[in-house]
Amino acid sequence: MSNIDALKKEIVETVQAANDIASLEEVRVSALGKKGKVTGLMQTLGQLSPEQRKEMGQALNRLKDEITAEIETRAALLKSAALNERLQKEKVDITLSPRPQGKGTIHPISQTIEEMIVIFAEMGFSVAEGPEIEDDFHNFTALNFPPEHPARQMHDTFYLPDAPDKKGLEARRLLRTHTSTVQVHVMQEQKPPIRVIIPGRTFRSDYDMTHTPMFHQIEGLLIDKSAHMGHLKGCLIEFCRKFFEVDDLPTRFRPSFFPFTEPSAEMDIGCSREGGELKIGAGKDWLEILGCGMVHPNVLKNCGIDPNEYQGFAFGMGVERVAMLKYGIPDLRTFFESDLRWLKHYGFGPLEQPNPALS
Ligand code: DAH
3 MSNIDALKKE IVETVQAAND IASLEEVRVS ALGKKGKVTG LMQTLGQLSP
53 EQRKEMGQAL NRLKDEITAE IETRAALLKS AALNERLQKE KVDITLSPRP
103 QGKGTIHPIS QTIEEMIVIF AEMGFSVAEG PEIEDDFHNF TALNFPPEHP
153 ARQMHDTFYL PDAPDKKGLE ARRLLRTHTS TVQVHVMQEQ KPPIRVIIPG
203 RTFRSDYDMT HTPMFHQIEG LLIDKSAHMG HLKGCLIEFC RKFFEVDDLP
253 TRFRPSFFPF TEPSAEMDIG CSREGGELKI GAGKDWLEIL GCGMVHPNVL
303 KNCGIDPNEY QGFAFGMGVE RVAMLKYGIP DLRTFFESDL RWLKHYGFGP
353 LEQPNPALS
């Protein structure tokens, strides 16, 4: 048995001495691999008497577990040290002043959000913001998503590792999948009447021509005692005509479904695709632009507002999507590639104001 103790001591010392993952792997192979020392001892068990075999077998299994645990601990330490070293090495001082020859431009996303804010501000909306790291309650439960709703599943929601002090489904942390979460914060914190728009980053595990894992949305919420679907339509038609700068822009509302609104609708704007070129305005075709509806009474209740006294409407749209339509940008992924040639082409000079609503 003392042989085993000595072997353990020897192997643990080599584990501790391994200074990188590759040498740690060598130590593992030399102890636990096919031709390793511990494996070698295991192979001699057959020659022992039944009692000795039982005792030795147990001791060797224990040794194997102990060494495996030592290696795992050491590997975790080496990995985090390697990461820290890399982070140090790749550190960039973002406070350094820019090179004098470089002229900055305003990113089309910032520009588009700015244009939207100005239009909604004229209608009396103020801007609200909320956290990008959320919990399941604000992202789903409060917004009337049933517990088994597919949108909660891992494939499009980024969940964070469980925090030890947070227990239960509703406390599960995630990156918000929509800006509707901020509706909940606003209603919990403010008394009606409420009239806010909420621009911000959102996150879903998706990547192709029209999806990136991080994208932007702008959300609207209006709560008072008498707001109805007519107000919702008027507000959004006015917004789209101003935003796309087309006075007679055709619009239509189609019935839809969102857990947090009842009734729910999607709004389309008119366009033409003649000759392969997309033109916003009167034409034969329609483009879906946003989701909207009357706030579901359950949502009001979940946020501490009496649905017998108050009602209201909400809407949400993708900022990249409307920016692509307005400025003719074909691929959503290019927004976040930081290609200076792209930024120079699609970005805006600080004094440029492409929307009359801004001047
Ligand atoms: N949160 C929805 C989404 O991400 C968009 C949305 C639809 C927001 C309808 C709303 C709404 O406020 O009423 O797809």
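Quick note on this note's numbering: the sequence shown kicks off at 3 and runs consecutively. Glycine included, every Cβ here is placed at the ideal spot set by N, Cα and C. Just so we're clear, the structure is a prediction, and the values are computed from it rather than from any experiment.
Proximity test, S207 beta-carbon vs the ligand DAH heavy atom, cut-off 6 Å: no
Cβ-based neighbour list, K10, same chain, cut-off 8 Å, excluding 5 preceding and 5 following: L65, E68 and I69
C-alpha distance - R55 paired with G48, whole-angstrom precision: In a straight line, the C-alpha of R55 is about 7 Å away from that of G48.
For A24 and L345, the rounded distance between their alpha carbons: Straight-line Cα distance between these residues: approximately 42 Å.
Completely contained alpha helix (DSSP H) runs for the stretch 51-114, where each covers 4 or more residues: 52-91
Touching by the beta-carbon criterion (3+ pairs, under 8 Å), the stretch 266-281 and the stretch 299-310: The stretch 266-281, when compared against the stretch 299-310, does not touch it at the 8 Å Cβ threshold.
Validate contact between the stretch 159-178 and the stretch 309-316 using beta carbons, cut 8 Å, 3 pairs: no
Segment limits, beta strand (DSSP E) that includes M296: Membership of M296 in the beta strand (DSSP E) is indicated by the continuous run D287 to V297.
Stretch-stretch touch, CB-based, cutoff 8 Å, three pairs: the stretch 140-150 with the stretch 180-188: yes
Which residues DSSP lists as bridging D22, in chain order: BP columns for D22 are empty, so no partner.
Uninterrupted beta strand (DSSP E) stretches inside the stretch 296-350 (no shorter than 3 residues): For the stretch 296-350, the continuous beta strand (DSSP E) assignments of 3+ residues that do not extend past its boundaries occur at 313-320, in sequence order.
Limits of the beta strand (DSSP E) - the one that M216 falls within: M216 to D226 is the extent of the beta strand (DSSP E) around M216.
Given C242 as reference, the closest of E53, F262 and V324 once Cα atoms are compared: V324
Own chain partners of I200 with C-beta closer than 6 Å, once the 5 adjacent residues on each side are dropped: A130, T181, V184 and E221
Whole-angstrom distance between F259 and D287, CA atom to CA atom: 22 Å
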